[in-house]
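Student: Have a look at this one.
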Amino acid sequence: VYGAFRMYVKVLLMWDSKIQIDGGGKDVVLASMLEARNLVVLKHGSVISSNAALGVYGQGLLNLSGPGDGIKARQLFLSLFYNIEVGPGSVVQAPLDEDVRSSLDALSICESKTCPSELIAPPDDCHVNSSLSFTIQICRVEDITVGGIVKGSIIHIHRARTVTVTDGGAISASELGCKAGIGRGTFLKYGAGGGAGHGGQGGIGIYNGMTSEGGQRYGSAYLPCELGSGTGSPESGDDSAGGGLIVIGSMKWPLARLLIYGSVSSDGESNRDTIGNSSGSFKGGIGGGSGGTILFFLQGLLVEKNSSLSASGGKGGIHGGGGGGGGRIHFHWSNIATGDEFVQIASINGTVASSGGSGNDDGHFGEDGTITGKECPVGLYGTFCTECPVGTYKNVAGSNSSLCTPCSLNALPNRADFIYVRGGVTQPSCPYKCISAKYKMPNCYTPLEEVIYTFGGPWSFAVFLFFAIILLALILSAVRVKIGESEVTYRATSAIHNDAYASSPFLLSLAEVPGASRAEETQSHVHRMYFMGPNTFREPWHLPYSPPESIIGIVYEDAFNRFIDEINLVAAFEWWEGSVHSILAVLAYPCAWSWKQWRRRKKIHRLQEYVKSEYDHSCLRSCRSRALYKGLKVGSTPDLMVAYIDFFLGGDEKRLDVAATIQKRFPMCLIFGGEGSYMSPYHLHSDTLLSNLLGQYVSTAIWNRLVAGLNTQLRSVKQGSIRSTLGPVVSWIKSHGNPQLERHGVRVELGWFQATASGYYQLGIVVAVNENFYKSHHHHEHAPDFGDRSRYEKKGQLQ
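In the UniProt record's numbering, the protein residues as written are 1 to 799.
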């Protein structure tokens, strides 16, 4: 088509075809316009080209499908499409290839120091206007996807929502800037050329001892809008152009998101030629062109790995050419959220560069250009407005990292660290938290330190504590005397009541008769389960989770494990109980011992009350036991170091189950009380239930003599010398204990039980009963051999 071309269609599909428009060249400027209401699709090497201004409009999709497809013009306007897709290998270009070297010769923008108004505040009508400085304008397009190349001297994308540069795609103004310009590098007739300047000064060219200065810096770092400058030789006509200008978005219409997986570049040209004179000798090389300008008005940016955003200077030519200065990149952010609403506006995983070009041989490098961002609000800093580091605050607007002021350490407790705050800290009083949960805010003291400093400090607290301990000792002494009197009174009263019961038994119910209750407990007893641990503040009593084999048939295992969780919580001491004991142990050890015994006594009473009244006995299979709360009982040794739970049958079990359960009583483990010291020696406590159980097999007198003799031997056993001091005890059991018991089918062996994680273990005996012997003796029959007792010995031997 010669002249202007106008075409209005609904759908334009080009398949291996071309539309070539001759608008009259430079002298006659005729604008052409192509409008498609729905689709414009170019496939299989289709091209639309014009040597004048060309506008392509539409309301749907503009698609350049693949290699060879292109839209080229001297000045190109694409607008009003919903989506533009530039496929891999396709090209959108302005100016044309043959105009690249000359299109900017007459542009006044190369020599102008003022920014064209249409670059910052472009018109909204998006019509073809050849008077504008753009070579490519893409206007009022929702989504732009660049998989091929968009190339032009001055590229402007206006009123778009998202721009995506895919892997292999490029938006480029590289080497399409000014060939001269404000920052033009100098060139000597027989010397090397200096690099052009822009954001950074051009590098000095050096050849045969002669130097050429690089071009000067020009433009603003915070709102750049200039093209890169070039340098060249007037005689040879050889030159190096600077980078062009890429503007995406505007102040009024910022881009929502820019996603870069490929490249966006406005680099200066690198000179690769060698210049010769008429005699055939060589001159110095021409300097590199300076980087151009990349100006973004946007809200969000992604620069993915292996992608690049560049406005770097070109390399100097062979034989001493100076490198071009770096260009300018500026991010003018919009709608930066702060505080709790802050979100990261930029994710930079690729390369962002405005470096100076390298010099050749002795030529100098060009200076780096600038990479800047809009001033950040409070709490944020840097080019990409990220949060100030933890431990700093920023309460003024600006982007310099020095504005993130370190927080004062005077208000920070010794056991605290500053914490992350979304959106950065905006006040000098930086938030912090204690380094561990055991310290309490705001001073990060331990509970004990909180108490100490509440009373004014260590000295004041020491004085207060001294008088408090004296007062507490007096109160405890009075309480002990009172408790002692109460126990005497209780025993005396009990004796009187027993006499009354003996004289008038008809006044009692069956449950109130002691003899009947003890007999019932003896018959229904199944197992005694001992607590692990020494009942101290550091290691309180606790029960293991696995139910013993002898009670598996009478409990629900899941409910039993829940019962273990609950009773272990009840058995644990509070933190303050151990703290009081530690303080008393330092200041007054007798008071510490009294305190420990008192808390132990309170603990066993609490366990008894919990099992008797609070726990619903849901772990027991017996309905009668659950209803009457009679299947479990808690007891302890007099020294409060060993506690246990007795399990009883409810009475509503099947006869076969009852018989099988009763037979599992033995072998029975009995744990020694005490701790192997002079004040608390090891001893075996035989309570009424235990005596009645063994009284079915051996007389009470024989059992009591065994217990008394064993306790006498145990007094010499020391905690620190167990192996050596237990030898006499083992010998005594073999020589005096078992010979008396074996006549009745009973045998005892020394045992080591229930080691805890801390290494604490318990000593005791294992009582084994030969049921066949007992039955034969009961029916006056011949007693069988007791040779199978070895299976009981193995279960409780000292390890």
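Where is the CB? At the ideal position from N, CA and C, for every residue including glycine.
1. Tell me the DSSP secondary structure of Pro406 in three-state form.
2. Between which two residues does the beta strand (DSSP E) harbouring His330 extend?
3. Considering Cα atoms alone, identify which of Asn51, Asp687 and His683 is closest to Thr135.
4. Measuring only the C-alpha atoms, how far is Ala160 from Glu118?
5. Distance check for Ala478 and Glu485, CA to CA, integer angstroms please.
6. Starting from the C-beta of Arg415, find all residues in its chain whose C-beta is less than 7 Å away, skip the five residues before and the five after it, and write them out in chain order.
7. Please state if the CB of Ile144 and the CB of Ile84 are separated by a distance shorter than 7 Å.
8. With DSSP collapsed to three states, give me the class of Val586.
9. By the three-class DSSP mapping on this structure, what secondary structure does Phe563 have?
10. Using three-state DSSP, classify Thr186 as helix, strand or coil.
11. Do Ser292 and Gly242 have their CB atoms nearer than 7 Å?
12. Looking at the secondary structure, which residues open and close the alpha helix (DSSP H) in which Ile722 lies?
13. Who pairs with Phe418 in a beta bridge, going by DSSP?
14. Please go through the same chain and pick out, in chain order, the residues whose beta-carbon is closer than 8 Å to the beta-carbon of Met441, but skip the five residues on each side of it.
15. Measure the alpha-carbon distance for Arg184 versus Glu175 and round it to whole angstroms.
16. Exposed or buried, Asn271, counting other C-beta atoms within 10 Å across all chains shown (16 or more means buried)?
17. Determine which residues share a DSSP beta bridge with Tyr439 and list them.
18. Between Gly316 and chain B, is the shortest Cβ-Cβ distance under 7 Å, so that the two count as touching?
19. Tell me whether Pro638 is buried or exposed, calling it buried when 16 or more other Cβ atoms sit within 10 Å of its Cβ.
20. Would you mind giving the Cβ-Cβ distance between Ala337 and Gly326, rounded to the nearest angstrom? I have them listed as a contact below 8 Å.
21. I want to know whether the region 33-42 touches the region 53-73 - three or more CB-CB distances under 8 Å.
22. Where does residue 852 sit, in a helix, a strand or coil, going by DSSP?
23. With H, G and I counted as helix, E and B as strand and the rest as coil, what does DSSP make of His525?
24. CB-CB under 8 Å to His527, same chain, minus the five flanking residues each way: which ones, in chain order?
25. Here's the rule I'm using: 16 or more other beta-carbon atoms within 10 Å means buried, otherwise exposed. How should Glu450 be labelled?
26. Between Ser524 and Gly635, which are expected to be in contact by the criterion C-beta below 8 Å, what is the C-beta distance as a whole number of angstroms?
27. So what does DSSP say about Glu449, is it helix, strand or coil?
28. By alpha-carbon positions, which one of Asp616, Gly194, Leu62 and Ser308 ends up nearest to Ala180?
29. Fully enclosed by the region 144-232, which beta strand (DSSP E) runs are 3 residues long or longer?
30. Can you give the Cα-Cα distance for Trp15 and Ser46, rounded to whole angstroms?
31. Under the assumption that Ser355 contacts Gly316 (Cβ atoms under 8 Å), give the Cβ distance between them as a whole number of angstroms.
32. From this set, Ser429, Glu675, Ser17 and Gly676, which residue's C-alpha is nearest Ser408's C-alpha?
33. Should Gly423 be labelled buried (16 or more other beta-carbon atoms within 10 Å of its own) or exposed?
34. In whole angstroms, what is the alpha-carbon distance linking Gly515 and Ile671?
35. Helix, strand or coil for Lys374, going by three-state DSSP, please let me know.
36. I'd like to confirm the pairing. Which residues does DSSP put opposite Lys252 in its beta bridges?
Tutor: Let's see:
1. Reading the sequence shown from its first residue, position 406 is the one you call residue 406. Of the three classes helix, strand and coil, the one that applies to Pro406 here is strand, per DSSP.
2. Taking the sequence shown and counting its residues from 1, one reaches residue 330 at position 330. That run of the beta strand (DSSP E) goes Arg328 to Trp333.
3. Residue numbering aside, residue 135 sits at position 135 when the sequence shown is read from its first letter. Ranking the options by Cα distance to Thr135, first place goes to Asn51.
4. On the sequence shown, position 160 is the one that residue 160 refers to. On the sequence shown, position 118 is the one that residue 118 refers to. So the two alpha carbons sit approximately 16 Å from each other.
5. On the sequence shown, position 485 is the one that residue 485 refers to. On the sequence shown, position 478 is the one that residue 478 refers to. For Glu485, the predicted model reports a pLDDT of 46, less than 50, meaning its position is unreliable and no value from the coordinates is stated.
6. In the sequence shown, the residue the question calls residue 415 occupies position 415. Excluding residues within five positions, the ones whose Cβ falls inside 7 Å are Cys434, Ile435, Tyr439 and Cys444.
7. Here residue 84 is taken as the residue at index 84 of the sequence shown, counted from 1. Here residue 144 is taken as the residue at index 144 of the sequence shown, counted from 1. Yes.
8. Sequence index remark: in the sequence shown, residue 586 carries index 586 (1-based). Of the three classes helix, strand and coil, the one that applies to Val586 here is helix, per DSSP.
9. Working through the sequence shown from its first residue, we reach residue 563 at position 563. In the structure shown, Phe563 sits in a helix (DSSP, three-state: H, G or I).
10. If you number the sequence shown from 1, residue 186 lands on position 186. Coil, per DSSP.
11. Position 292 of the sequence shown, counted from the start, is the residue given in the question as residue 292. Position 242 of the sequence shown, counted from the start, is the residue given in the question as residue 242. A small fix is needed here, since residue 292 is Gly in this sequence, not Ser. It is a contact, given that the beta carbons lie within the stated cut-off.
12. Position 722 of the sequence shown, counting from 1, holds the residue named residue 722. Ile722 to Thr725 is the span of the alpha helix (DSSP H), which, as asked, contains Ile722.
13. What you label residue 418 is simply residue 418 of the sequence shown in a count that begins at 1. Tyr432, per the DSSP bridge assignment.
14. Residue mapping note: residue 441 aligns to position 441 of the sequence shown, counting from 1. Taken in chain order, the residues that qualify are Lys433 and Cys434.
15. Working through the sequence shown from its first residue, we reach residue 184 at position 184. Working through the sequence shown from its first residue, we reach residue 175 at position 175. Looking at the two C-alpha atoms, the distance is approximately 14 Å.
16. The count along the sequence shown starts at 1 and reaches residue 271 at position 271. Per the 10 Å Cβ criterion, buried.
17. The sequence position of residue 439 within the sequence shown is 439, counting from 1. Residue pairing of Tyr439 in beta bridges, as defined by DSSP: absent, with no partner found.
18. In summary, chain B is missing from the structure at hand, where a single protein chain is found.
19. For the purposes of this step, residue 638 is taken as residue 638 along the sequence shown, with counting starting at 1. Pro638 sits exposed, since fewer than 16 C-beta atoms from the chains shown fall within 10 Å of its C-beta.
20. Your numbering for residue 337 matches position 337 in the sequence shown. Your numbering for residue 326 matches position 326 in the sequence shown. Contact doesn't hold; Cβ gap of about 31 Å is too wide.
21. yes
22. In the structure displayed, the chain extends from 1 to 799; residue 852 sits before or after that span and is not available.
23. Along the sequence shown, read from residue 1 onward, the residue named residue 525 stands at position 525. In the structure shown, His525 sits in a strand (DSSP, three-state: E or B).
24. Residue numbering aside, residue 527 sits at position 527 when the sequence shown is read from its first letter. Correct list, in chain order: Pro548, Ser550, Ile551, Asp646, Phe647, Lys664 and Arg665.
25. Counting from 1 along the sequence shown, the entry for residue 450 is found at position 450. Exposed: under 16 other Cβ atoms inside 10 Å.
26. Counting from one through the sequence shown, the residue named residue 524 turns up at place 524. Counting from one through the sequence shown, the residue named residue 635 turns up at place 635. With a Cβ gap of about 16 Å, Ser524 and Gly635 do not count as contacting.
27. Within the sequence shown, numbered from 1, the residue matching residue 449 stands at position 449. Helix, per DSSP.
28. As a first step, residue 180 must be located in the sequence shown, where it is residue number 180. Minimum Cα distance to Ala180 is reached at Gly194.
29. If we require 3 residues or more, the beta strand (DSSP E) runs fully inside the region 144-232 come out as 149-152, 154-158, 162-165, 170-172, 205-207 and 210-212.
30. For the purposes of this step, residue 15 is taken as residue 15 along the sequence shown, with counting starting at 1. For the purposes of this step, residue 46 is taken as residue 46 along the sequence shown, with counting starting at 1. The straight-line gap from Cα to Cα measures roughly 6 Å.
31. Taking the sequence shown and counting its residues from 1, the one referred to as residue 355 is at position 355. Taking the sequence shown and counting its residues from 1, the one referred to as residue 316 is at position 316. Actually they do not touch by this definition, with Cβ atoms about 14 Å apart.
32. Against the sequence shown, residue 408 aligns to sequence position 408. Residue Ser429 is the option with its Cα nearest to Ser408.
33. Residue mapping note: residue 423 aligns to position 423 of the sequence shown, counting from 1. Label assigned to Gly423: buried.
34. Position 515 of the sequence shown, counted from the start, is the residue given in the question as residue 515. Position 671 of the sequence shown, counted from the start, is the residue given in the question as residue 671. Only weak support is given to the placement of Gly515: the predicted model assigns it a pLDDT of 46, under 50, and the value that follows is read from those uncertain coordinates. Their Cα atoms are separated by approximately 26 Å.
35. If you number the sequence shown from 1, residue 374 lands on position 374. Under the three-state reduction of DSSP output, Lys374 falls in the coil class, being neither helix nor strand.
36. Indexing the sequence shown from 1 puts residue 252 at position 252. DSSP lists no partner for Lys252.
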